[in-house]
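Structure first, commentary second.
Number of protein chains: 2
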Amino acid sequence: MSSAKSRDALMQQLEEAMRRSSAQGVMYGQAVANMAGISNSDMECMDILNLEGRVTAGRLAEVTGLTTGAITGVVDRLEKAGYVRRERDESDRRKVFISVVEEKAMEIGKFYVPMQEAMLKLWSRYTDDELRLLLRFANDGYKGVLQATEALKAVIEMPPEQRADLKLPPKSRR
Amino acid sequence: MSSAKSRDALMQQLEEAMRRSSAQGVMYGQAVANMAGISNSDMECMDILNLEGRVTAGRLAEVTGLTTGAITGVVDRLEKAGYVRRERDESDRRKVFISVVEEKAMEIGKFYVPMQEAMLKLWSRYTDDELRLLLRFANDGYKGVLQATEALKAVIEMPPEQRADLKLPPKSRR
DNA sequence: GATAAATATCTTAGCAACTAAGATGATTAG
DNA sequence: CTAATCATCTTAGTTGCTAAGATATTTATC
């Protein structure tokens, strides 16, 4: 399972390890949403709100890929449960800003404590330089995924014959 | 945005960077499922099948957290679309093994090519030693998430009063 | 080897959340 | 002032889920 690996083997292991932990992370998030009694989409919107702060309904639709109709439902549920507030923009009264009700949102936050503690513990075993490398990697990775998303759009527009010519990288199916 | 950061700041940036790229990765997967014309759950099952090979319906339910009834639907759809085959186990005829139809599954695989290429490109900019560090981190991270999932179960069983005593780590809400 | 319990999957009814289409209300351009 | 556009909400219809229980098979007990 280890010792002097070739670079290819290394990359393959890295891919699998990342996929595994990412999948497990998703499961964690689902479990939290479950505990909080809200759906996955609702949770995703809470995440976005926590990252971006005050956001319009339309932007939520854009970021999540849901229709505006679906977002109305999401916000209805979250508002009824007390996690967010609707605030009409006074200067453009078509817009509805959604903002987090911090005190209530903390209740959800508690469920993330075990995860945060696990991460702190994990990171404590790395030096500053190592953490800087990891940060660089995470940032580069984000750019890479964005790039891939762009490239995916190109594949979508390919006629199937041309798509058939795409070669999967060796060794790893999918 | 950079220069001589404190360790805390570093960790916080790391957390955000990882969360962002992981979220984007999830979006990519959703886009692929969409292209293939199958649902998220269907896709998750295909992932599992690709990793584990031949798997019973019951195990799919176990791993995905869906009910066995839901899995029946998943497999029905995937089978109708030609991605998988049902195979009754001859030695225990209650069991139904699900197996991937490789040729058909490759069509989905094509959609992952942009992602794989982006990752190869990303990794090419790192030395073997750096990749080894990343691998170690990914593996440790997986263990950490598993641990956190265990700890979450403990929070679930806490009465709300006790839950209120949990302190969120400083600086970062959620 | 007959009966009971357990196991694995499938079926059904009901429900939650989504999409597509269009209605409503507010703003901007000509 | 009118038309076009924009942001959100409403509605009807669809999809995929759960909970409960039906069916078929295997294992355990007497």
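Protein chains in written order, with our numbering: chain A, 8 to 181; chain B, 8 to 181. Glycine included, every Cβ here is placed at the ideal spot set by N, Cα and C.
Between Thr156 of chain A and Tyr35 of chain B, the CB-CB gap stays under 7 Å. Nearest CB-CB separation between Gly32 of chain A and chain B: below the 7 Å threshold. Per DSSP, the beta-bridge partners of Val103 of chain B are B:Arg95.
When rounded, the separation of the alpha-carbon atoms in Val103 of chain A and Ile55 of chain A is 16 Å.
For the pair Val108 of chain A and Arg95 of chain A, the CB atoms are not nearer than the 7 Å cut-off. Look at the segment 123-134 of chain A: the residues with a C-beta under 8 Å from a C-beta of chain B are Gln123, Glu124, Ala125, Met126, Leu127, Lys128, Leu129, Trp130, Arg132 and Tyr133. In this structure, DSSP gives Val108 of chain B a state outside helix and strand, which the three-state scheme calls coil.
Put simply, the backbone Cα of Ser46 of chain B is about 6 Å away from that of Ala40 of chain B. Residue-level contact check: Asn146 of chain A touches chain B, since one or more beta carbons of chain B fall below 7 Å from its beta carbon.
Taking 8 Å as the upper bound for CB-CB distance, Leu73 of chain A and Ser48 of chain A are in contact here, some 6 Å apart. The beta carbon of Gly89 of chain A sits closer than 7 Å to the beta carbons of Val108 and Lys111 from its chain, once the five residues preceding and following it are set aside; these are given in chain order. The Cβ of Leu73 of chain A sits no closer than 7 Å to any Cβ of chain B. Around the beta carbon of Leu142 of chain B, a 10 Å sphere encloses 16 or more other beta carbons of the protein chains shown; the residue is thus reported as buried.
The Cβ atoms of Ser106 of chain B and Arg61 of chain B sit closer than 7 Å to each other. Straight-line spacing of the CA atoms in Asp83 of chain B and Tyr149 of chain B works out to 32 Å.
Separation of Leu21 of chain B and Leu129 of chain A (C-alpha to C-alpha, rounded to the nearest whole angstrom) is 12 Å. Residues of chain A with a Cβ closer than 7 Å to the Cβ of Phe118 of chain B are, in chain order, Leu159 and Val162.
Beta-bridge annotation (DSSP): Thr63 of chain B is paired with B:Phe104. Scanning B:Leu159, B:Arg139, B:Glu59 and B:Val162 for the CA closest to the CA of Arg14 of chain A turns up B:Arg139. The Cβ-Cβ distance between Ala38 of chain B and Gln154 of chain A does not fall below 7 Å. Check the Cα spacing between Leu58 of chain A and each of B:Met25, B:Thr79 and B:Ser98: the tightest is with B:Met25. Tyr35 of chain A: member of the alpha helix (DSSP H) spanning Arg14 to Ala43, first to last residue.
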